[in-house]
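*Asks:*
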Amino acid sequence: METGSDDVDANFNIDYIEIPVVFKANLPLEGQLIPNLYAGPYVGFAVNREREASDDGGTQDRSDEYSSTDYGLALGASFDTSFAGYGFTVGGRYDLGLANINDTDSDDDLSTGTFMVTLGFAL
-7 METGSDDVDA
3 NFNIDYIEIP
13 VVFKANLPLE
23 GQLIPNLYAG
33 PYVGFAVNRE
43 REASDDGGTQ
53 DRSDEYSSTD
63 YGLALGASFD
73 TSFAGYGFTV
83 GGRYDLGLAN
93 INDTDSDDDL
103 STGTFMVTLG
113 FAL
């Protein structure tokens, strides 16, 4: 980030509780490993918004600078299998934020992007 002629290092930490609504498609392949694709919208609600910057000397609550809600598109894939009567799944998902979460007077757009790895176990 650059302000005037001075460089500023900044780290943002925004924690969300996210509600995804994904549609899952099982791919019909033979064998014990079942691949799945899924996609759908999500909405997220910020529970913590902080910024740490080299120009202001520490971590500060910046709740007023970022929107309290985010929305976007979740895209992912997973693999399901079973072993000894138990189900297992491993997958990955990318959330593409479509909302501009910048609530300042600046014209700069700020959006989110999240990659996650999921592991599951079913009884």
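Mapping of the sequence shown onto the working numbering: residues -7 to 115, in sequence order. All C-beta atoms, glycine included, are put in the ideal place defined by N, C-alpha and C.
1. Where Ala17 and Gly68 are concerned, what is the direct C-alpha to C-alpha distance, given to the nearest angstrom?
2. To the nearest angstrom, how far is the alpha carbon of Gly32 from that of Tyr86?
3. Taking the DSSP output, what are the residues bridged to Glu57?
4. Under the three-state reduction of DSSP, which class applies to Leu90: helix, strand or coil?
5. Roughly how many angstroms separate the alpha carbons of Tyr8 and Gly36, rounded to a whole number?
6. Quick one, are the C-beta atoms of Thr81 and Thr73 less than 9 Å apart?
7. Which class does Glu(-6) belong to by DSSP, given the choice of helix, strand or coil?
8. Assign Thr110 to one of two classes, buried (16 or more other C-beta atoms within 10 Å of its C-beta) or exposed (fewer than that).
9. With DSSP collapsed to three states, give me the class of Thr104.
10. For Pro20, which residues does DSSP report across the bridge?
*Replies:* In short:
1. Their Cα atoms are separated by approximately 11 Å.
2. Their backbone Cα atoms lie some 11 Å apart in a straight line.
3. DSSP output for Glu57 lists no bridge partner at all.
4. coil
5. 6 Å
6. Yes, these two residues count as a Cβ contact at 9 Å.
7. Unreliable placement is indicated for Glu(-6), whose pLDDT of 46 sits below 50; no coordinate value is reported for it.
8. exposed
9. coil
10. The partner list for Pro20 (beta bridge, DSSP) is empty, contrary to what the question assumes.
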